[in-house]
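Single-structure report; data block below.
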């Protein structure tokens, strides 16, 4: 799992995908790949290039391909199932279906056994490849691409995000997510999908954050959102005001040292959004609270916050990565200052055990 970018529109897609993936390089990866759809007078074919190592290794390979595509998907991968080699790099193909995937299919052993019993031959050691075979099987039964992705997605367990294209249906991408992030960028006669906003920020600032258990169908002219029940949902986009400078290294040798130096400002910016210093209150503005209050939020006094914490018998902090480090430190502060029992643990461990939680 790592970075995903997809595009459908009128511009040369290969360069857009390459640029988008390069903006996600800060996440780290061990292989990269791009798949582009070639339309040769109505006869469509999918061309895939991928390789272990850095994204730049795709450049000389791509220069040898003499067509410009207006639809493509790309991926940078951290190996989780199978070693870092060309076969295991994304995108993966199954017949006319091509997919990229972030996440882990937890029931991949069962699905692999089922597919093998049907005579499916596997080209990689990854769990990701299996999803393409599931989608292909549904398409062979006559289901639409959207329905095929929906039915296949309901069969897998675990956090995942997929982007799927079918050379039999040019001009369309279908995406789905649960637990692993995907954002959709809405443009003029073009649309994008990515695992993070920086990948598409220089092309559009109109963003839809795909929610858990949602699908989307992207064409050049439209973006349609659906739930896993197949029902259509509203496309409620937001406008992103970030500048590209804010996501660049800005002269630092790498992102880690940049983020270390940005911590004081980031902390101040975060607190300024939640603290009303003039009135001595803490403002909790969120989508969940906004739906329950007439004014889009509820102001808590310091005393009310203290009361809510003192009534708690235990605080659990569940997080990953740097958030987990903050959580480990935060529990120490809670116990020191609020005198409330607190525990922090990695989400990857919490996910697979059966904790005793008391309200």
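Numbering (my numbering), first residue to last: 1050 to 1408. Beta carbons: idealized from backbone N, C-alpha and C, even for Gly.
Please determine, among 1117, 1147, 1073, 1086, the residue with the shortest C-alpha to C-alpha distance to residue 1126.
-> To locate residue 1126, count along the chain shown from 1; it is residue 77. Ranking 1117, 1147, 1073, 1086 by Cα distance to residue 1126 puts 1073 first.
Quick one: using the 10 Å Cβ neighbour count with 16 as the cut-off for buried, is residue 1124 buried or exposed?
-> Within the chain shown, the letter at position 75 stands for residue 1124. By the 10 Å Cβ count, residue 1124 comes out buried.
Alpha-carbon to alpha-carbon, residue 1180 and residue 1061 = Within the chain shown, the letter at position 12 stands for residue 1061. Within the chain shown, the letter at position 131 stands for residue 1180. Taking the straight line joining both Cα atoms gives about 28 Å.
Decide if residue 1188 is buried, meaning its Cβ has at least 16 other Cβ atoms within 10 Å, or exposed.
-> Taking the first residue of the chain shown as 1, we reach residue 1188 at position 139. It is buried - the Cβ of residue 1188 has at least 16 other Cβ atoms within 10 Å.
Nearest-angstrom Cα separation, counted from residue 1154 out to residue 1177 | Position 128 of the chain shown, counting from 1, holds the residue named residue 1177. Position 105 of the chain shown, counting from 1, holds the residue named residue 1154. Taking the straight line from one Cα to the other gives about 7 Å.
Contacts around residue 1369, its chain only, beta-carbon distance under 6 Å, and the 5 residues preceding and following it disregarded | In the chain shown, the residue the question calls residue 1369 occupies position 320. These residues qualify, in order along the chain: 1396.
Expressed to the nearest angstrom, what Euclidean distance is found between the alpha-carbon atoms of residue 1093 and residue 1214?
-> Along the chain shown, read from residue 1 onward, the residue named residue 1093 stands at position 44. Along the chain shown, read from residue 1 onward, the residue named residue 1214 stands at position 165. Taking the CA atoms as reference points, residue 1093 sits about 12 Å from residue 1214.
Is the beta carbon of residue 1054 sitting closer than 8 Å to the one on residue 1267?
-> The residue given as residue 1054 occupies position 5 in the chain shown. The residue given as residue 1267 occupies position 218 in the chain shown. No, these two residues do not count as a Cβ contact at 8 Å.
Going by DSSP, name the residue or residues bridged to residue 1147.
-> Here residue 1147 is taken as the residue at index 98 of the chain shown, counted from 1. 1142, 1214.
Considering only residues of the region 1233-1280, which uninterrupted beta strand (DSSP E) runs meet the minimum length of 3 residues and lie entirely inside it, listed in chain order?
-> 1240-1243, 1255-1258, 1263-1267, 1272-1276
In angstroms, rounded to a whole number, what distance separates the CA positions of residue 1064 and residue 1200?
-> Position 15 of the chain shown holds residue 1064. Position 151 of the chain shown holds residue 1200. So the alpha carbons of these two residues sit roughly 32 Å apart.
Residue range of the beta strand (DSSP E) that includes residue 1053 = As a first step, residue 1053 is located in the chain shown; it is residue number 4 there, counting from the start. Counting along the chain, the beta strand (DSSP E) containing residue 1053 begins and ends at 1051-1057.
Going by the beta-carbon positions, is the gap between residue 1079 and residue 1128 smaller than 8 Å?
-> Mapped onto the chain shown, residue 1079 falls at position 30. Mapped onto the chain shown, residue 1128 falls at position 79. For residue 1079 and residue 1128, yes; Cβs fall inside 8 Å.
Are three or more beta carbon pairs between the region 1384-1396 and the region 1357-1376 nearer than 8 Å?
-> yes
Considering only C-alpha positions, which residue in the set 1084, 1249, 1228, 1308 is nearest to residue 1262?
-> Counted from its first residue, the chain shown places residue 1262 at position 213. It is 1228 whose Cα lies nearest to the Cα of residue 1262.
Which class does residue 1379 belong to by DSSP, given the choice of helix, strand or coil?
-> The count along the chain shown starts at 1 and reaches residue 1379 at position 330. The answer is helix: DSSP assigns residue 1379 an H, G or I state.
What is the DSSP secondary structure of residue 1126, counted as helix, strand or coil?
-> By 1-based counting over the chain shown, the position of residue 1126 is 77. DSSP places residue 1126 in strand when its eight states are reduced to three.
Cβ shell of residue 1286 (< 7 Å), same chain only, five flanking positions each side left out = For the purposes of this step, residue 1286 is taken as residue 237 along the chain shown, with counting starting at 1. Excluding sequence positions up to five before and after residue 1286, its CB lies within less than 7 Å of the CB of 1235, 1255, 1256, 1257, all in the same chain and listed in chain order.
Would you decide whether residue 1099 is buried or exposed? Buried here means 16 or more other CB atoms lie within 10 Å of its CB.
-> On the chain shown, position 50 is the one that residue 1099 refers to. Residue 1099 is buried by the Cβ-count criterion.
Closer than 6 Å by C-beta to residue 1344: which residues in its own chain qualify, once you throw out the five before and the five after it? Chain order, please.
-> As a first step, residue 1344 is located in the chain shown; it is residue number 295 there, counting from the start. With a pLDDT of 36 at residue 1344, under the threshold of 50, the predicted position of this residue should be treated as unreliable, though the coordinate-derived value follows. Hits under 6 Å: none found.
With DSSP run on the structure shown, which of helix, strand or coil describes residue 1282?
-> To locate residue 1282, count along the chain shown from 1; it is residue 233. The answer is strand: DSSP assigns residue 1282 an E or B state.
Using 8 Å as the Cβ pair cut-off and three pairs as the minimum, do the region 1139-1154 and the region 1205-1219 touch?
-> Enough Cβ pairs lie closer than 8 Å, so yes.
Once you ignore the five residues that flank residue 990 on each side, which residues in its own chain have a CB closer than 7 Å to its CB?
-> Outside the modelled stretch of the chain, which goes from 1050 to 1408, sits residue 990, for which no answer is possible.
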